[in-house]
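Visitor: For the sequence shown, the numbering used here assigns the number 203 to the initial residue and increments by one for each residue that follows. Where is the CB? At the ideal position from N, CA and C, for every residue including glycine. As the structure is a prediction and not an experimental result, all values here were calculated from the model. I have a structure I would like to understand better, so I am pasting it below and will then ask my questions one at a time.
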Amino acid sequence: MSINSINFGFSPMSFEQASNLTQKTRQTLIALGIDPKSVASEEEALALISKILSQRVQLAKTSKNKGGCAEAEIILKAKSLASYVGIVLPESVPVDKILDMLSNKIESLSKENPQGADIDNAKNELSELKEMYKSLKQKEDNMFASLDYNANINKIIMGL
């Protein structure tokens, strides 16, 4: 028995597929954590982006009904907004830094084009993200204060 050929699954089309996408679509895919080479066309990429964003909207609605959201959700929304306004973020950036970068970028964009509806939408989304983050941090602070209080009560009860 001999081996006649080896197939590594390499396709030269994968490099060409990514070049069929617009720069904005490519950036959005990257921000969503999707490899641009994994889609065959602009239409497929837009459909995938739409699907993911609708899932995130559904997640946001569900979490709002539950009374809050996780920091991971805020990061996803902030990265999506960053991609929208043209900021390329490193992989691990704290939320407060992302929000500061967004604030600076949106402020500079509003100086360039003060009448833009897109800028107003971005400002509104940023203020919503800041409120969500502030609320999350307040809940965390309250939780830690409560844990501290319980620890102190336990020490008193145990006579420590």
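Between the C-alpha atoms of Y351 and L278, what's the straight-line distance to the nearest angstrom?
Guide: Near 33 Å, if we compare the C-alpha coordinates of L278 and Y351.
Visitor: Residues in the same chain with beta-carbon distance under 8 Å from L364, minus the five sequence neighbours each way, listed in chain order, please.
Guide: Past the boundaries of the shown model lies residue 364; the chain is included only from 203 to 362, so the question cannot be answered.
Visitor: Assign I308 to buried or exposed, taking buried as 16 or more other Cβ atoms, counted over all protein chains shown, within 10 Å of its Cβ.
Guide: I308 should be labelled buried.
Visitor: Which two residues bound the contiguous alpha helix (DSSP H) that contains N354?
Guide: A319 to M360 is the span of the alpha helix (DSSP H), which, as asked, contains N354.
Visitor: I'd like to know whether the C-beta atoms of S310 and A233 end up nearer to each other than 7 Å.
Guide: Not in contact: S310 and A233 (Cβ atoms no closer than 7 Å).
Visitor: According to DSSP, is E244 helix, strand or coil?
Guide: The answer is helix: DSSP assigns E244 an H, G or I state.
Visitor: With T227 as the anchor, note down where its alpha helix (DSSP H) starts and where it stops.
Guide: Where T227 is concerned, the enclosing alpha helix (DSSP H) stretches over Q225 to A233.
Visitor: Report the CB separation of T227 from L248 in whole angstroms; it is logged as a contact under 8 Å.
Guide: Yes, they are in contact, since the Cβ atoms of T227 and L248 sit about 7 Å apart, within 8 Å.
Visitor: Taking only the alpha-carbon atoms, compute the straight-line gap between V295 and Y335 and give it to the nearest angstrom.
Guide: Spanning the two alpha carbons is a distance of roughly 15 Å.
Visitor: How many whole angstroms separate the CB atoms of I251 and T230, which I take to be in contact at a CB cut-off of 8 Å?
Guide: About 6 Å; that satisfies the 8 Å criterion.
Visitor: Which of the three DSSP states, helix, strand or coil, is assigned to E293?
Guide: E293 falls in the coil class under three-state DSSP.
Visitor: Taking the straight line between their C-alpha atoms, what separation do you get for F346 and K339?
Guide: Computed Cα separation, rounded: 11 Å.
Visitor: In this structure, how does DSSP classify A272 when only helix, strand and coil are distinguished?
Guide: Residue state, collapsed to three classes: coil.
Visitor: Looking only at C-alpha atoms, which of K313, K357, L362 and S329 sits nearest to D298?
Guide: Ranking K313, K357, L362 and S329 by Cα distance to D298 puts S329 first.
Visitor: Could you tell me if V290 is buried or exposed, where buried requires 16 or more neighbouring beta carbons within 10 angstroms of its beta carbon?
Guide: Exposed is the call here.
Visitor: Can you tell me the Cα-Cα spacing of S243 and D237, whole angstroms?
Guide: Taking the straight line joining both Cα atoms gives about 13 Å.
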